[in-house]
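Protein chains in written order, with the working numbering: chain P, -1 to 112; chain U, 617 to 728.
What follows is a set of notes on a single structure, which appears directly below.
The structure is reproduced here in structure tokens:
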């Protein structure tokens, strides 16, 4: 069974440029998460989807960040314009049953903003 | 103050040692407690899951939850070099159910 797939793995951009990250969750997993992980820190939730509905986006900086999950499968996270402080790893995760506490994470997209 | 506090370490131990990793939390509504392991440049993976207070053992790993003290622990017996990773505690419950709140992670190195 394929795991959570993210792309790109690495991205280097100049500040003020746009950037987009893509996530393909495990087949059949209705819940999808985007987490932000700064160096030396634990992941922090940006947005959680149940199917195509964003059920928790309270931590998403909506002035520059946007996300979508079309047809309740793949998801895209966009930053426009990027700032220096956005340099971090963006993790996508999916889950089938939250009762088990098991989120399946992708390997992450590492963003460097110069 | 963060909802979940975890000593970042780093922690360095010799092979075969017993390792103790700990987290404290402030939200009394948390009921589900997890430990994730994250290898360098990889995503976290679930190691242990416990519900409410008590102990859970899985091979060399034991997770303990003390809800009265808002304190959780992970013990690793007979530690191996392959255990070298960052260990993240995570929890959810109450109005936060469905959203995992993570500690900042403890970096563990096990020397041969």
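Every residue, glycine too, gets a C-beta built ideally from N, C-alpha and C.
Here the structure is a predicted model, which is why all the values come from computation and not from measurement.
Check: Candidates P:108, P:26, P:73: closest to residue 84 (chain P) by CA position; Outcome: P:108
Check: Residue interval of the beta strand (DSSP E) (run including residue 660 (chain U)); Outcome: Taken as a continuous stretch (DSSP letters only), residue 660 (chain U) belongs to no beta strand (DSSP E), as it is neither H nor E.
Check: Boundaries of the beta strand (DSSP E) in which residue 722 (chain U) is found, first to last residue; Outcome: 722 to 727
Check: Any C-beta of chain P under 8 Å from that of residue 718 (chain U); Outcome: yes
Check: Member of U:685, U:663, U:699 whose CA lies at the smallest distance from the CA of residue 670 (chain U); Outcome: U:685
Check: Contact under 8 Å by Cβ, residue 104 (chain P) with residue 659 (chain U); Outcome: yes
Check: Which listed residue (U:635, U:638, U:643, U:624) has its alpha carbon closest to that of residue 713 (chain U); Outcome: U:643
Check: N- and C-terminal bounds of the beta strand (DSSP E) containing residue 622 (chain U); Outcome: 620 to 622
Check: DSSP-derived helix/strand/coil call for residue 16 (chain P); Outcome: coil
Check: Rounded C-alpha distance that separates residue 120 (chain P) from residue 628 (chain U); Outcome: With chain P represented from -1 up to 112, any question about residue 120 (chain P) goes unanswered, as that position is not in the structure.
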